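In full-length UniProt numbering, the protein residues as written are 1 to 455. Built from N, CA and C at the ideal position, the CB exists for glycine as well. The structure presented is a predicted model; accordingly, all values stated were derived computationally and were not measured. Down below is the structure, laid out as C-alpha cells.
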C-alpha cells in the first residue's frame, strides 16, 4: 500500500475529472441522503417510536452534525476519491484505511440493492403484476448507463433527480401545513399526536429503535467528501455543501414526518413490513385525485437518485482501493470519459443481490437495510476516531476549515453511535443479524489484510 502522505494519496488517484460544481456537490449529498430512508424507512421508524420518531430524527441529526464537521475539515485539506478511507490510512494505519474502504464499498453495494428493492415496490403501485426482481434489473441497467458517462453528466442527472424530490417535499410540506392549519379546509390540528398511546407510546426504548432507522436516513452525507475528489473547487465547495445539506435535511425530515403524524394516526402511517411509502399513504387516504400517483413518481425518482449516487460512491471507493494496490489494478483504469467503468460494473453487484433477495423474501428491504446499517455505523465511528488522530497529527494551524466546538460534537456523536449499536444488540431480529454479520465481516477483512501483508 503506497501513498502514505497527503500529496502521495492525491497523486495516486490522479486522472479523475474535476467537473462537479458546488451546486452539483450539494445535490449529490441530497441525492444520497433523501431516498428510501425518508420515503420508505420513515414508515418503519414511525412503527417503532410513534410520534416520538421526531426525537429519533433529532438525535440522528445531532450525530450527523458531528460527522459532517469532521468530514469537512479533513476533506478540504485532502480531497480524494478515497476520502475517509484515505484519511484513516494516513492518520490511523494502513489497516484502518483498508477496512474503511472495503467496508464502505460493501455497504454501498448493499445500499444500491436496498434502493433497487424500493424502486420495485414503487413501480408495483402502478403495475401490481410486475415482478419486483424485473423492476430491479431494469432500473439497475439505466443507473449503470448513467454512471458510465463523464462525471459532469452524472452530476447534471443527479442534480435534476434531486431537484424533483426537493421540490416535491416542499410542496408536500406546504400542502400538509394547509391541511393541519385549515387553509381552505377544516383544520386537522395535532390531535393525532395524542391517539394510540400518545406522543411516546413505546417510551424512550421506542425512540432509540426509531433512531436506528433515522441514522440510516442520514447515511449519504459522506458522499460530499468522496465527491470532493472530483469537485472543481473543493476548498469552498465542501464546507458550503455540508452546511447547506444539513439545514435542508433537518427541515425536510422533521417537517415532513411531523406533518405525516398530524394528518394520519401513527398506527396507520407506520409499518412493521415496508411495502408502501407513508407519503403515498397520506395522499391516498385523503382521496386527492392523482396526488398519490404524483407522489409515487417522486419517491420513485428519489430512490433512483439514491441508487445512482450510491453506485457512484461504490465505484470511486473501489477505484481508490485499486489505485492504492488493495484491489485488482483493472478497477483503477479510467475509460475515455475519465470514469472508472470497470469499478462501476463490479459495484453494480448490489442490483443482482437485490433481485435475488427480493425473490427469496417479502421483507427484502428490511433485511438489506439492517445489513447496510452496520456498515454505515462503523464508517461514521471511524470518521470521528480518524478526526481525533487528524487533529493530533495536523493540528489547527493553516486549516482552511475548522470543525467548530471540537471535540464536543465528536464525543457526543461517538456516544450516540455506540448507544445505537447497543440498542441493535438487544432488539433482536434483523438488527441483531446486522451486527452478527457486520462483526465477522470486519474480522474477515482485517484477516485478509494481514494475510496479504504476510505475502
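Cβ-Cβ distance between residue i and residue j below 7 Å
i           : j           : result
residue 318 : residue 15  : no
residue 508 : residue 263 : The structure shown has nothing for residue 508, since the chain only spans 1 to 455.
residue 112 : residue 311 : yes
residue 73  : residue 309 : no
residue 536 : residue 322 : The structure shown does not extend to residue 536, since the chain is modelled only from 1 through 455, so no value can be given for it.
residue 108 : residue 314 : yes
residue 426 : residue 374 : no
residue 316 : residue 226 : yes
residue 92  : residue 386 : yes
residue 143 : residue 301 : no
residue 415 : residue 214 : no
residue 377 : residue 417 : yes
residue 280 : residue 296 : yes
Inter-residue spacing [alpha-carbon to alpha-carbon] between residue i and residue j
i           : j           : result
residue 261 : residue 422 : 28 Å
residue 266 : residue 299 : 20 Å
residue 404 : residue 388 : 13 Å
residue 161 : residue 155 : 10 Å
residue 303 : residue 182 : 32 Å
residue 98  : residue 447 : 11 Å
residue 400 : residue 77  : 7 Å
residue 105 : residue 27  : 21 Å
residue 47  : residue 209 : 10 Å
residue 354 : residue 192 : 36 Å
residue 445 : residue 43  : 34 Å
residue 3   : residue 18  : The predicted model places residue 3 with a pLDDT of 43, which falls under 50 and marks its position as unreliable, so this point remains unresolved.
residue 1   : residue 81  : With a pLDDT of only 42 at residue 1, under 50, the local geometry of the prediction cannot be trusted, and the value read off the model is given with reservation. Approximately 16 Å between the Cα atoms of the pair.
residue 23  : residue 240 : 9 Å
residue 185 : residue 442 : 55 Å
residue 146 : residue 203 : 45 Å
residue 345 : residue 454 : 30 Å
Nearest neighbour of residue i, chosen from the options [CA to CA]
i           : options              : result
residue 212 : 448, 447 and 419     : 419
residue 201 : 217, 81, 55 and 329  : 55
residue 205 : 215, 437, 167 and 52 : 52
residue 224 : 427, 451 and 25      : 25
residue 221 : 196, 248 and 236     : 248
residue 393 : 301, 87 and 376      : 87
residue 380 : 20, 84 and 45        : 84
residue 141 : 428, 347 and 441     : 347
Cβ distance (whole Å) where residue i is taken to contact residue j below 8 Å
i           : j           : result
residue 68  : residue 242 : 5 Å
residue 166 : residue 307 : Actually they are not in contact, since the Cβ atoms of residue 166 and residue 307 sit about 17 Å apart, beyond 8 Å.
residue 116 : residue 351 : 5 Å
residue 216 : residue 41  : 6 Å
residue 60  : residue 218 : 5 Å
beta-carbon residue i near the ligand GTP non-hydrogen atom, thresh 6 Å
i           : result
residue 101 : With respect to the ligand GTP, the structure shown offers nothing to examine, as it has no ligands at all.
CB contact check: residue i to chain B, cutoff 7 Å
i           : result
residue 242 : The structure shown contains no chain B; it is built from a single protein chain.
Ranges of the alpha helix (DSSP H) found wholly within the stretch 209–242, counting only runs of at least 4
If only complete runs of 4 or more residues are kept, the stretch 209–242 shows the alpha helix (DSSP H) at 223–227, in order along the chain.
At which residue ranges does the stretch 62–138 contain complete alpha helix (DSSP H) runs of 4 or more residues, listed in the order of the chain?
Taking only runs of at least 4 residues, the alpha helix (DSSP H) segments lying wholly in the stretch 62–138 are 83–91 and 94–126.
Alpha helix (DSSP H) segments (min. 4 residues) lying fully within the stretch 308–387
Restricting attention to alpha helix (DSSP H) runs no shorter than 4 residues, the stretch 308–387 encloses them at 341–347 and 349–360, ordered along the chain.
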